[in-house]
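Peer 1:
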Amino acid sequence: MVEGPVGEGLEARFGLHRGDDFRLELDLAISPGRTVALLGPNGAGKSTAVAAIAGLLQVEWGRIGLAGITLDDPDAGIYLPPESRKVGVVFQDYLLFPHLSVVENVAFGLRSRGMSRSDSLARAADWLTRLDLTGLEKRKPGRLSGGQAQRVALARALVTEPDLLLLDEPLSALDVTTRGELRRVLDRHLEDFPGPRLVITHDPVEAFLLADEVHILEEGVVTQWGTPDEIRLRPRTSYAADLAGSNLLFGRASAGLALVGSHHIHLAEHDIDGDVLLTIRPSAISLHRRPPEGSPRNMWETSIELIEDLGERTRVRTGAPLPLTAEVTAEASSTLCLAEGERIWLAIKATEIGVEPEDGRSSSG
Amino acid sequence: MGSRRLTIERRAVERARRPPVLLIVLAGIGFAVFAVPFIGLISRVPWTDLPELLASDLVIDALRLSMVTSLAATLVAVLIGVPLAWVLARLEFPGRSLVRGLVTLPLVLPPVVGGAALLFALGRRGLIGEPLNQATGLLLPFSTSGVVLANTFVAMPFLVITVEGALRNLDHRYEGAASSLGAGQWTVLRRVTLPMIGPSLVAGLVLTWARALGEFGATITFAGNLQGRTQTLPLAVFVALESDRDVAVALSLVMVVVSLAVLLVLRERWWKAL
Amino acid sequence: MILISLASVACNGGRDDVASASDFQGDLLVSAAASLTDAFSEIESGFEEAYPDVDVILNLAASSALREQILEGAPADVFAAANISNMEQVADAGEVTGEAEIFATNLLQIAVPAGNEAGVTGLDDFANEDLLIGLCAEDVPCGEFGREALASAGVTPAIDTDEPDVRALLTKIEVGELDAAITYVTDVMSAGGAVEGVNIPVEDNVVAEYPIATLAGARNPEAASAFVEFVLSDQGQAILSAHGFSSPDH
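Residue numbers (my numbering), protein chains in the order written: chain A, 2 to 366; chain P, 239 to 512; chain Y, 6 to 255.
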């Protein structure tokens, strides 16, 4: 069945094999102006998805359509090579050409599409100005900071005015101290791009904060999709639950201590001061009947607000002083005789708490 | 305490910087292995007769022919060796390791064997040479083209293995990035792949050219030895050694000077590029 | 070791037979012209049979190359050249002990590939631009003699290659890459069926004389003398004759 061109956005419903035992199946539609995140662990097939949509791999069945143009349709014998697709890709690690200067990198797409050298360099320079990169035109990519490289990669992808913006792990190459700030810069530029946007990531924070819609990819198959809230409230697989339940806390850090609301949390990271975003995976939180012995320095007594049975695991929402979501094995759950309304001791190792500097926000998202 | 620890550390650093004597001695011997023969050669140079010897037809013909054939062989190696390296690095096909082995065979084979093999394949009575000769009248042995072919056969493996290695080490996601930016396959090759392996390509070219310039065994076996047509510098040196030692030494000196000059210039350029 | 063997001769006294097999031992380095390859291999076997403790090592190359090696001090006990001039240069440098002796002569012959497809009949054909013609390099005896013969016949050859020695030249005839070359009668004979000979008339032909001598730098002078004697003996001459050489007496 060949569907006709639909709308202005991306329509991708396809499958392909990699190697002997890996198979990717994807079904997503993104309207212009919307951001979808494809979230999954390593080896889930995210890179394969990028390669297929960009045309670097040929799909085996299905159809990929973009802005009314069919990019792939093996049944109809259609395959558009990557250079003929209007897909702007910000690659993982950015892949800026090391032998070309910043402005030549940005002009590359225009030159390849036949624009004259002077015109393309002028247009590239405009984009560098737009992305706050003035003064770096002649620099080689090896001498850029992570944030600068990210924006150059973004400029290089956007300068050709693509119909789709594809971002593959746009923040993973950055160090933790700049990630928060650059995510917001990225968020702003995504807003400026009128077409559909697809963000590929393994980082739930990135997915939940950047995307309007999240698709969870596990072992080549989308196991769940929905708005970030839908995923977080009703995760359907243990991976989704692990990610979705992630506790995101905004606070202010100083000397290894973060103030969240009126509660202090000990951090392993002592060098970050100021506003921070803390992430705590539910499985990193342990529950105890009595005050636990040993090293955990983050430990307090709280109440059990809600218990959700996920099959092999049990999710527990705790109450004041700091509402959190914990997850324990079903076995531990029955040993502890958990029940809603009861008091329980909670412990988190400082090393299990993710910390990212954050500025401008203070309320928890 | 603090300052004492600092002195100890500094002393340790200094000790690490002073290289072991044995290493220097061995390195000196290593250098002597290269240097002593050249000193021997230079000690035999007939300086007073040198200008006259260098102006002789024999020397000028051999120098000209060596330059032409070694550069032509390098050019041929680029035209067919780089694509071969690309195929070996990028395409999976049955028998690839066999092909790779064959390509590197001339590196270990005595060049005379290579010359004989060329003769059996492309000689006038050769497997391909005979039908080729009958169809086109083309005759490779005893011709300047034959010299270029022998040089290419012996020297091209240097280009193929350096370029193949570089292509393997090249992160080919860059090429994907280039094509997603609208570059066709040739543009990707020209503007991304080749520039990114540039230093290895230059290294391979230099090695190939140097090997071609020094080629002797395959050339004399396949292409013979005739002044002005097939007698390159190494052949001229070999023949002259038996008749006129002064000419032989003069020819050798020309080879040493030319090779050294080119290698030094290229190396200088190359370092600057990095 | 030589002293010991001399002493034993002295003690036994009055032995009139030639030195016995046990008298010489060790390596014997013989530098011989490339055209002697096959004959000297057989002589090597014959000599080693007579003197089992001696190991003959043949160094076969163009006479001019051997001459250079000897003059540069490369170790050698015996020198067998394919022409007089190379031997003379070695002798002039004081590298020869005693007198060099002519042990064989050889004649030139035109060598053509089996079947003689090019139809070569004589030296005149060497002027034909359409044929592939090879000679030995000018400074190699076979090259020098070949040019002498061509000059005598009044032919200016259209040469396609100057091979560094007669064996290399003959190989190119064997595989059919050359149409004609000037080599020795002995070379044509040694190539068996792969090469045919076309005779050069006596008036143009050149008699190559092969001199042999022991060398001043010999490490094994006694064995060297014995080797030279063996080459000149009836047994040695028979081997040479079987390979197409003539005896100097004839």
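Glycine residues also receive a C-beta, built at the ideal position from the N, C-alpha and C atoms. Source: prediction; values computed, not measured.
Measuring only between beta-carbons, confirm whether T161(A) sits less than 8 Å from chain P.
Peer 2: yes
Peer 1: Can you tell which of R114(A), F109(A), G115(A) has the C-alpha that lies nearest to the C-alpha of A126(A)?
Peer 2: F109(A)
Peer 1: Give a yes or no on whether the C-beta atoms belonging to P289(P) and T342(P) are separated by under 8 Å.
Peer 2: Not closer than 8 Å, so no.
Peer 1: List the whole-angstrom C-beta distance separating R180(A) from E357(A), where the pair is believed to meet the contact cut-off of C-beta under 8 Å.
Peer 2: Between R180(A) and E357(A), the beta carbon gap of about 5 Å places them in contact (Cβ cut-off 8 Å).
Peer 1: Give the straight-line distance between the Cα atoms of R72(Y) and L464(P), rounded to the nearest whole angstrom.
Peer 2: 23 Å
Peer 1: Taking C-alpha atoms, which residue in A218(Y), L237(Y), S246(Y), V236(Y) lies nearest to Q94(Y)?
Peer 2: Closest option to Q94(Y), Cα to Cα, is A218(Y).
Peer 1: According to the Cβ coordinates, are V51(A) and I201(A) closer than 8 Å?
Peer 2: Taking 8 Å as the cut-off, the beta carbon of V51(A) is found closer than this to the beta carbon of I201(A).
Peer 1: Quick one: residues in its chain with C-beta nearer than 7 Å to the C-beta of H264(A), no 5 flanking neighbours on either side, listed in chain order?
Peer 2: P322, L323
Peer 1: Can you tell me whether DSSP reads S117(A) as helix, strand or coil?
Peer 2: coil
Peer 1: Are E214(Y) and T102(Y) closer than 8 Å when you measure CB to CB?
Peer 2: no
Peer 1: I'd like to know if T374(P) contacts chain Y, where contact means its C-beta is closer than 8 Å to some C-beta of that chain.
Peer 2: no
Peer 1: Using beta carbons (cut-off 8 Å, strictly below), is D130(Y) in contact with chain P?
Peer 2: no
Peer 1: Grouping DSSP H, G and I as helix and E and B as strand, with all else coil, what is L112(Y)?
Peer 2: strand
Peer 1: Would a check of beta-carbon distances place P379(P) closer than 8 Å to chain Y?
Peer 2: Yes, P379(P) lies at the interface with chain Y (some Cβ there is under 8 Å from its Cβ).
Peer 1: Tell me the DSSP secondary structure of N64(Y) in three-state form.
Peer 2: strand
Peer 1: Residues of chain A with CB closer than 7 Å to the CB of R411(P), please, in chain order.
Peer 2: F92, L96
Peer 1: DSSP beta-bridge partners for R289(A)?
Peer 2: Checking the sequence shown, residue 289(A) turns out to be His, not Arg. According to DSSP, H289(A) bridges with W346(A).
Peer 1: Looking at the unbroken alpha helix (DSSP H) that takes in F52(Y), where does it start and where does it end?
Peer 2: 42-55
Peer 1: Whose C-alpha, out of G44(A), S255(A), D94(A), D22(A), is nearest the C-alpha of D169(A)?
Peer 2: For the residues G44(A), S255(A), D94(A), D22(A), the minimum Cα distance to D169(A) belongs to D94(A).
Peer 1: Let's see if you can read the secondary structure: which residues bound the alpha helix (DSSP H) around N204(Y)?
Peer 2: Per DSSP, N204(Y) belongs to no alpha helix (DSSP H); it is in the beta strand (DSSP E), 200-204.
Peer 1: To the nearest angstrom, how far is the alpha carbon of E220(A) from that of L17(A)?
Peer 2: 13 Å
Peer 1: Check the DSSP bridge columns for G31(Y) and list the partner residues they point to.
Peer 2: V59(Y)
Peer 1: Between the Cα of I70(A) and the Cα atoms of D176(A), A174(A), P163(A), which residue gives the shortest distance?
Peer 2: Restricting attention to D176(A), A174(A), P163(A), the CA atom closest to the CA of I70(A) is found in P163(A).
Peer 1: Assuming G252(A) is part of the beta strand (DSSP E), what are its boundary residues?
Peer 2: 248-255
Peer 1: Output, in chain order, the set of chain P residues within a Cβ distance shorter than 8 Å of V222(A).
Peer 2: Neighbours of V222(A) on chain P: none; closest Cβ ~24 Å, over 8 Å.
Peer 1: In three-state DSSP terms, what is E214(Y)?
Peer 2: strand
Peer 1: Are there 16 or more other CB atoms within 10 angstroms of the CB of F269(P), so buried, or fewer, so exposed?
Peer 2: With fewer than 16 other CB atoms across the displayed protein chains lying within 10 angstroms of its CB, F269(P) is exposed.
Peer 1: Assuming L57(A) and G403(P) make a contact with CB atoms under 8 Å, what is their CB distance in whole Å?
Peer 2: Actually they do not touch by this definition, with Cβ atoms about 24 Å apart.
Peer 1: Can you tell me which of the three DSSP states T352(P) falls into?
Peer 2: Here the sequence assigns Gly to residue 352(P), which means Thr is not the residue at that position. Residue state, collapsed to three classes: helix.
Peer 1: DSSP on W324(P), reduced to helix/strand/coil?
Peer 2: helix
Peer 1: Look at the alpha carbon of T457(P) and the alpha carbon of P437(P), and state the distance between them as a whole number of angstroms.
Peer 2: 29 Å
Peer 1: Excluding the 5 residues flanking N204(Y) on each side, which residues of the same chain have their C-beta closer than 7 Å to its C-beta?
Peer 2: Q114
Peer 1: Give the single residue among Q151(A), L337(A), E192(A), A327(A) whose Cα lies nearest to the Cα of E309(A).
Peer 2: A327(A)
Peer 1: Apart from the five residues on each side of it in sequence, which residues of its chain come closer than 8 Å, Cβ to Cβ, to A123(A)?
Peer 2: Nothing listed; no residue qualifies.
Peer 1: Taking one C-beta from the stretch 409-429 of chain P and one from the stretch 356-370 of chain P each time, how about it: are there three or more such pairs within less than 8 Å?
Peer 2: no
Peer 1: Is the separation between the beta-carbon of I31(A) and that of L172(A) shorter than 8 Å?
Peer 2: no
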